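Here the sequence shown stands for residues 172 to 460, where the numbers follow the working numbering. Where a beta carbon is used, it is the ideal one built from N, C-alpha and C, also for glycine. Predicted, not measured: the structure shown is a model, and the values here were computed from it. Down below is the structure, laid out as structure tokens.
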Amino acid sequence: MTYPYGQLPDLYPEQEALFASAAATYARYRPGLPDAAVRLLADVLRGQPSQVLLDLGTGTGQVPLALLSAGADLTHIEAVDVSRQMLHQASQALHPLLGHCTLTLAHAAADEYEPLATLPGEPDSGPDLITCCRSYHWMNGQAVLAMADRVATPGAAVAIMGDGSLWSHDADWTRALRELIQHYLGSERRAGARSSYAEPRRSYEQDLADSAFNDVTEHLFPVTRIWAPQEVLGYLRTTSFAGAGLFAERHQAFEDEALALLHAHTVDGSLVEEATFRVLLARRVGGAR
Ligand SMILES: C[S@@+](CC[C@H](N)C(=O)[O-])C[C@H]1O[C@@H](n2cnc3c(N)ncnc32)[C@H](O)[C@@H]1O
Numbered sequence: 172m173t174y175p176y177g178q179l180p181d182l183y184p185e186q187e188a189l190f191a192s193a194a195a196t197y198a199r200y201r202p203g204l205p206d207a208a209v210r211l212l213a214d215v216l217r218g219q220p221s222q223v224l225l226d227l228g229t230g231t232g233q234v235p236l237a238l239l240s241a242g243a244d245l246t247h248i249e250a251v252d253v254s255r256q257m258l259h260q261a262s263q264a265l266h267p268l269l270g271h272c273t274l275t276l277a278h279a280a281a282d283e284y285e286p287l288a289t290l291p292g293e294p295d296s297g298p299d300l301i302t303c304c305r306s307y308h309w310m311n312g313q314a315v316l317a318m319a320d321r322v323a324t325p326g327a328a329v330a331i332m333g334d335g336s337l338w339s340h341d342a343d344w345t346r347a348l349r350e351l352i353q354h355y356l357g358s359e360r361r362a363g364a365r366s367s368y369a370e371p372r373r374s375y376e377q378d379l380a381d382s383a384f385n386d387v388t389e390h391l392f393p394v395t396r397i398w399a400p401q402e403v404l405g406y407l408r409t410t411s412f413a414g415a416g417l418f419a420e421r422h423q424a425f426e427d428e429a430l431a432l433l434h435a436h437t438v439d440g441s442l443v444e445e446a447t448f449r450v451l452l453a454r455r456v457g458g459a460r
């Protein structure tokens, strides 16, 4: 079920709690999308008579923000998230850039999402591009892809994308940081206050192969990110594996140790992350619905 943003009590208390406290910090410290990936998404939309984006797990609106900033001629954005705080941040970030583009913020789980309304004068319209950026692993993937098939235009594409995290990144400084987190929180990677992270049982490719969107191409974009130690601390506060709440009263002690560790690993004051941003771009074979 879908609800307009701001009208409801908690729908998904655990997920809301996990992301709520991080929303403002998230907007500040999470990396955006690489330019080349944004160009790929903009190319998917180019040529559509009216360019409609459905962004699932929009968070602070990174995907629509990147597309609008790159000059994509979007006519409508439907931004879906289980967290009202994230939707609030997305609203603030997107409104200055909208121009003629309309925006609907939908408070829903992606797999339960239903369009709130048809676009004015376009009863058969639907999204031309459906995006899940750093969010698909939180969702019931197969149900999300079935929903995408119900709502998307015949020629639409689904983009599942992301770039791992500093937990999984393999460098001296990220390994040392991971060990420090494990020293405080135990060896298992945490996923919020109550659970541990579980690797997805099926790959995204398997989900797509079994869905209507089974014409899949993979696009890899290398990205070099330069972090200052304080920025890493800000980023960690937004994560499900090292958010402040997990450390309770030991958070300050953790941050003090982490800062010293990070400073010890800097070169010219910086820490380098060589990441790969991956986009799986999927369409229906022959554009059929
Ligand atoms: C790691 S953030 C990614 C945000 C944004 N797409 C980005 O790339 O920065 C994951 C987002 O997915 C949302 N989320 C988690 N489970 C969800 C679900 N089942 N349906 C919709 N949104 C969900 C969270 O509230 C959070 O805002």
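Residue environment for arginine 349: buried (at least 16 other C-beta atoms within 10 angstroms of its C-beta). For valine 253, there is no enclosing alpha helix (DSSP H), since its DSSP letter is neither H nor E. Placement of the Cβ of glutamine 263 at a distance of 7 Å or more from every heavy atom of ligand 1 is found. For phenylalanine 392, the pairing in a beta bridge is given by DSSP as Phe448.
For histidine 247, DSSP records a beta bridge to Val223, Thr273. Between the segment 430–445 and the segment 318–333, the count of Cβ pairs shorter than 8 Å is below three; the stretches do not touch. At a cut-off of 3 residues, the continuous stretches assigned as beta strand (DSSP E) that sit fully inside the segment 305–347 are 328–333. As summarised for the segment 360–415, the continuous beta strand (DSSP E) elements at least 3 residues long and confined to that stretch are 386–398, given in chain order. When Cβ pairs closer than 8 Å are counted between the two stretches, the segment 395–412 is seen not to touch the segment 314–328, the count staying below three.
In this structure, aspartate 206 has its CB at a distance of at least 7 Å from all heavy atoms of ligand 1.
A straight-line Cα-Cα distance of about 48 Å links threonine 246 and alanine 431.
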